[in-house]
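So that you can map any letter, position 218 of the sequence shown is 218 in the numbering used here, and since no number is skipped, the others follow by simple counting.
Even for Gly, the Cβ is constructed at its ideal location relative to N, Cα and C.
One structure is given here, and the rest of the page talks about it.
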Amino acid sequence: MRLKGKRALVTAAGQGIGRACAEAFAAEGAEVFATDVKADLLKGFNGGEVFALDALDPDSIRAGVERARPDVVLNAAGFVHAGTVLDATEEEWDFAFNLNVRSQFRVMKAAIPGMIARGGGSIVNIGSAAGVHVGAPNRAIYGATKAAIEGLSKAVARDHITQGVRVNIICPGTVDTPSLHERLRATGDYEKAMKDFIARQPMGRLSGPEEIAKLAIYLASDESAFVTGQAHLIDGGWSL
Numbered sequence: 001m002r003l004k005g006k007r008a009l010v011t012a013a014g015q016g017i018g019r020a021c022a023e024a025f026a027a028e029g030a031e032v033f034a035t036d037v038k039a040d041l042l043k044g045f046n047g048g049e050v051f052a053l054d055a056l057d058p059d060s061i062r063a064g065v066e067r068a069r070p071d072v073v074l075n076a077a078g079f080v081h082a083g084t085v086l087d088a089t090e091e092e093w094d095f096a097f098n099l100n101v102r103s104q105f106r107v108m109k110a111a112i113p114g115m116i117a118r119g120g121g122s123i124v125n126i127g128s129a130a131g132v133h134v135g136a137p138n139r140a141i142y143g144a145t146k147a148a149i150e151g152l153s154k155a156v157a158r159d160h161i162t163q164g165v166r167v168n169i170i171c172p173g174t175v176d177t178p179s180l181h182e183r184l185r186a187t188g189d190y191e192k193a194m195k196d197f198i199a200r201q202p203m204g205r206l207s208g209p210e211e212i213a214k215l216a217i218y219l220a221s222d223e224s225a226f227v228t229g230q231a232h233l234i235d236g237g238w239s240l
């Protein structure tokens, strides 16, 4: 029970990486506050309290943080935009940075004062191997947001290192999630798209979200008390 006694706030806990992390935190003894903008996706989660939280709404974020009073934060809200810089629109750029980056900025800004007052805490931000570590094709906007997450997270980790607040980034490769399957179907050739995604992973397979959750448990727990400001690649060798 590596998270016993800790209160954990998880965004985008309805499915995918967020859901896997929420369930794993609960299994490790945390009091979990599982949130998602689509509250119906939280049905069936029995590991703690569930409520709607809109990661694009600063008031919703503040209310969620006040309700959870977290010792642990897992920022999983995000969206994958497809296309080159020539395909990208101003609206897509704004949406991506608001959801993928600004939401994490807002959650950290809301949560850190309480963490400091309670003696510390751990923030785990979901980044990506794409961006800083891999120049992935057709991921211009997405890669930019994920690179920004690393820069922001490292800066926040440095600013609060003496106050007991740790910030780390998980940088997955391709993970088998519902959103991935939606993107594959959107290509118009699901089977070919899946083969292409698997082919770029040197291990010859995708990651399961539960594998990402195992790393999240470590970073959330006191086992990683000497670890902060680090980007943790879990990408099946994609970045090698």
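### Task
Please state whether DSSP places ASN314 in a helix, a strand or coil.
Lying before the first or after the last residue shown, residue 314 is absent from the chain, which here runs from 1 to 240.
### Task
Could you tell me whether the Cβ atoms of PHE105 and LEU152 are closer together than 8 Å?
Yes, they are a contact pair.
### Message
Quick check on PRO172: does DSSP put it in helix, strand or coil?
### Response
In the three-state reduction of the DSSP assignment, PRO172 falls in the strand class.
### Message
Assuming contact is defined by CB atoms lying nearer than 8 Å, are SER224 and HIS133 in contact in what I supplied?
### Response
In terms of Cβ geometry, SER224 and HIS133 do not form a close pair [threshold 8 Å].
### Task
Please state if the CB of GLY44 and the CB of ASN26 are separated by a distance shorter than 8 Å.
Asn is not the amino acid found at residue 26; the sequence shown has Ala there. With respect to GLY44, ALA26 sits apart: the two C-beta atoms are not nearer than 8 Å.
### C-beta atoms of LYS154 and SER128 nearer than 8 Å
Between LYS154 and SER128, the CB-CB gap reaches or exceeds 8 Å.
### Check whether GLY131 and LEU99 have beta carbons under 8 Å apart
No, the Cβ-Cβ distance between GLY131 and LEU99 is not below 8 Å.
### Message
Helix, strand or coil for SER153? Go by DSSP, reduced to three states.
### Response
Three-state DSSP puts SER153 in a helix.
#### Entry: Cβ-Cβ separation, VAL10 to LEU74 (assumed contact under 8 Å), whole Å
Correct: roughly 4 Å between the Cβ atoms.
### Message
Three Cβ pairs or more, each shorter than 8 Å: is that satisfied between the segment 29-39 and the segment 80-94?
### Response
The segment 29-39 is not in contact with the segment 80-94.
### Query
How would you call LYS195, buried or exposed, if buried means at least 16 neighbouring beta carbons within 10 angstroms?
Counting Cβ neighbours within 10 Å, LYS195 comes out exposed, since fewer than 16 surround it.
### Task
Taking 8 Å as the threshold, find out whether the segment 210-220 comes into contact with the segment 108-124 through three or more Cβ pairs.
Cβ pair count under 8 Å is three or more, so yes.
### Task
Tell me whether GLY48 sits in a helix, a strand or coil according to DSSP, three-state version.
In the structure shown, GLY48 sits in a strand (DSSP, three-state: E or B).
### Query
Hey, ALA111 and VAL50: beta-carbon distance below 8 Å or not?
At a Cβ-Cβ threshold of 8 Å, ALA111 and VAL50 do not count as neighbours.
### Query
Hey, quick one: how far does the alpha helix (DSSP H) through GLY121 stretch, first residue to last?
According to the DSSP assignment, GLY121 belongs to no alpha helix (DSSP H) but to the beta strand (DSSP E) extending over 121-126.
### Query
Hey, how far is the Cα of TYR181 from the Cα of PHE197?
As written in the sequence, residue 181 is His, which differs from the Tyr given in the question. It is roughly 11 Å from the alpha-carbon of HIS181 to the alpha-carbon of PHE197.
### Message
Rounded to the nearest angstrom, what separates ASN168 and GLU211 at their Cα positions?
### Response
Approximately 17 Å, taken between the alpha carbons.
### Query
Can you tell me whether ARG158 is buried or exposed, with buried defined as 16 or more other CB within 10 angstroms of its CB?
By the neighbour-count rule (16 or more Cβ atoms within 10 Å), ARG158 is not buried but exposed.
### Query
Should PRO113 be labelled buried (16 or more other beta-carbon atoms within 10 Å of its own) or exposed?
The residue is exposed, with fewer than 16 neighbouring Cβ atoms inside 10 Å.
### Query
Excluding five sequence neighbours on each side, which residues of the same chain lie with their C-beta closer than 6 Å to the C-beta of THR187?
Excluding positions up to five away in sequence, the list reads ALA193.
### Query
Candidates ASP235, LEU215, ARG62 and GLU91: which alpha carbon is nearest ALA136's?
Closest by alpha carbon: ASP235.
### Query
Can you give the Cα-Cα distance for LEU270 and GLY18, rounded to whole angstroms?
Lying outside 1 to 240, the shown extent of the chain, residue 270 is not represented and no answer is given.
### Task
Round the Cβ separation of THR162 and GLN201 to the nearest angstrom and send it over; I've been treating them as touching at under 8 Å.
Going by Cβ atoms, the distance from THR162 to GLN201 rounds to 39 Å, so no, they are not a contact pair.
### Task
Less than 8 Å between the CB atoms is what I'm expecting for PRO209 and ALA20, so what's the real figure, rounded?
That belief holds up - the Cβ atoms of PRO209 and ALA20 are roughly 4 Å apart, short of 8 Å.
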